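All remarks here apply to the structure that follows.
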Amino acid sequence: MTKRILTAIALCILLSSHSFAEHVGGKECVMGAVHSGDQLLQTCVDAPDTPGQDKRVTTAKTYDIASLRRPEIKVVYPEVTTAIEMSNTDVNRIICPVTSSEVNVIHSTEKGMITKVVENNVFVKFSIVKKKEGPKEELIYRDSPAELYVVCGGEVFSMIVIPKQIPTQTIKLDTGTKDRIKENIEMMAGMPLEEKIIKMIQAVYKDDIPNTFTVEDRRTDMGVFEDVSVVLRRVVSADGTGLRLLEYDVRAVGSNEIHVNETTFMKPELAGRIPLAIALEEHTITRRPSRLFVVQMVREVER
Numbered sequence: 024m025t026k027r028i029l030t031a032i033a034l035c036i037l038l039s040s041h042s043f044a045e046h047v048g049g050k051e052c053v054m055g056a057v058h059s060g061d062q063l064l065q066t067c068v069d070a071p072d073t074p075g076q077d078k079r080v081t082t083a084k085t086y087d088i089a090s091l092r093r094p095e096i097k098v099v100y101p102e103v104t105t106a107i108e109m110s111n112t113d114v115n116r117i118i119c120p121v122t123s124s125e126v127n128v129i130h131s132t133e134k135g136m137i138t139k140v141v142e143n144n145v146f147v148k149f150s151i152v153k154k155k156e157g158p159k160e161e162l163i164y165r166d167s168p169a170e171l172y173v174v175c176g177g178e179v180f181s182m183i184v185i186p187k188q189i190p191t192q193t194i195k196l197d198t199g200t201k202d203r204i205k206e207n208i209e210m211m212a213g214m215p216l217e218e219k220i221i222k223m224i225q226a227v228y229k230d231d232i233p234n235t236f237t238v239e240d241r242r243t244d245m246g247v248f249e250d251v252s253v254v255l256r257r258v259v260s261a262d263g264t265g266l267r268l269l270e271y272d273v274r275a276v277g278s279n280e281i282h283v284n285e286t287t288f289m290k291p292e293l294a295g296r297i298p299l300a301i302a303l304e305e306h307t308i309t310r311r312p313s314r315l316f317v318v319q320m321v322r323e324v325e326r
């Protein structure tokens, strides 16, 4: 009989156990987690005027952890022209997963697209036009679609890039299932099943998903509970290993807090017949979205 592994990981340790220092405007600043676990606190201090003098806290600012999460990575496949929105104000990044491959970029310079290849990355920026009318200077941001071709791993990826005033975008080039399977098997070779599961959950939670994993964006309302909304956000598959992770957004429908645990979500509609692991970000659900992770073992043909 297959042993059911129910894993509840204290995900907050990924943030709360670390802090880091940086220098902002000549001041020494430290970023660390607030006790509630849903915010980061940045504290800046002035250097002492004389040796031995205490440092003085000058500024303190909190950031929502949710706002600091990386944006979703978009995937482009070879030999199919894909429309991709990119930021026309910031630098965008395209990732070629084949690190040993030479990367080449072809595009027209007439529409203000600037590209730079660094190892297996292509960085894309749109030039900003400055227009003067008397003493005033107007900044004009590019909005005309432009064709972009990237050669990666011997494959040609065709994109129609649509510049918009949105945050920086990350695009991943998919070079084929065969290479992904090989790299995934090598990545997890020798790991016990429990370690593979934890590695997969942590990677998705931190949005540090390996390029060889397949990510399918979903926006499906599961409609399982009356008082808790459960929406399937994305499905992440480690091709070749048989592991698949379902990521859900969960929140309370009303204004009351609802206390839940991993077993609350052991429903066939959410976790399948026998899930390998379930990990919940928060055990008290409010109207603020929280994340639920379900890991399943599947046959490759089921995908």
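Residue numbering for the sequence shown follows the numbering used here, starting at 24 and increasing by one per position.
From the three backbone atoms N, C-alpha and C, an ideal C-beta is built for every residue, glycine too.
Being a predicted model, the structure only gives us computed values, none of them experimental.
Rounded straight-line distance, which links the Cα of residue j to that of residue i
| i | j | result |
| --- | --- | --- |
| E285 | S124 | 43 Å |
| I336 | I163 | Past the boundaries of the shown model lies residue 336; the chain is included only from 24 to 326, so the question cannot be answered. |
| M289 | I189 | 38 Å |
| V21 | N115 | This structure cannot speak to residue 21, because the chain is shown only from 24 to 326. |
| H58 | K153 | Here the model assigns H58 a pLDDT of 35, short of 50, so the residue's position is not dependable and the matter cannot be decided. |
| M210 | G265 | 14 Å |
| R92 | G157 | Because R92 sits at a pLDDT of 47, beneath the cut-off of 50, its placement in the model cannot be relied upon, and the following sentence gives the value as read from the coordinates. Computed Cα separation, rounded: 42 Å. |
| F316 | G277 | 23 Å |
| K155 | F149 | 19 Å |
| I221 | I118 | 25 Å |
| P101 | K139 | 20 Å |
| A212 | K134 | 46 Å |
C-beta atoms of residue i and residue j nearer than 9 Å
| i | j | result |
| --- | --- | --- |
| I96 | K195 | yes |
| V103 | S181 | yes |
| Q192 | E108 | yes |
| V227 | E292 | no |
| R241 | R274 | no |
| V145 | V126 | yes |
| E280 | I308 | yes |
| T198 | P120 | yes |
Contact set for residue i: own chain, Cβ-Cβ below 6 Å, skip 5 residues either direction
| i | result |
| --- | --- |
| R267 | S260, Q319 and V321 |
| T243 | L255 |
| L37 | Residue confidence for L37 is low, a pLDDT of 33 falling below 50, so the modelled location carries little weight; the figure read from the coordinates is stated next. Once the five neighbours on either side are set aside, L37 has no close Cβ partner at all. |
| T235 | R203, E206 and N207 |
| R314 | E304 |
| D113 | T191 |
| T105 | V99 and M182 |
| G263 | I204, N207 and I208 |
| G177 | none |
| Q225 | none |
Span of the beta strand (DSSP E), counted from its first residue to its last, around residue i
| i | result |
| --- | --- |
| M320 | S313 to M320 |
| P291 | No beta strand (DSSP E) holds P291; the alpha helix (DSSP H) holding it covers P291 to A294. |
| M223 | Not the beta strand (DSSP E): M223 falls in the alpha helix (DSSP H), residues L216 to Y228. |
| N115 | N115 to I118 |
| P186 | E178 to K187 |
| E251 | Glu is not the amino acid found at residue 251; the sequence shown has Val there. V251 to A261 is the span of the beta strand (DSSP E), which, as asked, contains V251. |
Start-to-end residues for the alpha helix (DSSP H) that takes in residue i
| i | result |
| --- | --- |
| K139 | No alpha helix (DSSP H) holds K139; the beta strand (DSSP E) holding it covers M136 to V141. |
Cβ-based neighbour list, residue i, same chain, cut-off 8 Å, excluding 5 preceding and 5 following
| i | result |
| --- | --- |
| K187 | E108, M109, S110, N111 and D166 |
| E170 | H130, S131, S181, M182, I183 and V184 |
| H306 | H282, V283 and N284 |
| T122 | E142 and N143 |
| M214 | K222 |
| E160 | K153 and K154 |
| I137 | V147, K148, F149 and S150 |
| Y172 | V128, I129, H130, V179, F180, S181 and M182 |
| M245 | V253, V254, L255, Y271, E292 and L293 |
Residues of its chain near residue i, where Cβ-Cβ distance is below 7 Å and the 5 sequence neighbours each way are ignored
| i | result |
| --- | --- |
| M223 | A261, L266, L268 and V318 |
| V238 | I96, V98, I232, R257 and V259 |
| A294 | F288, I301 and V317 |
| C175 | C119, V121, S124, V126, L196 and T198 |
Any non-hydrogen atom of the ligand FMN closer than 8 Å to residue i Cβ
| i | result |
| --- | --- |
| Y172 | The ligand FMN is not part of the structure shown, which contains no ligands of any sort. |
Counting pairs of Cβ atoms below 8 Å between the segment 202 to 210 and the segment 247 to 256, do you hit three or more? With a cut-off of 8 Å, the segment 247 to 256 and the segment 202 to 210 do not count as touching, because too few Cβ pairs lie within range.
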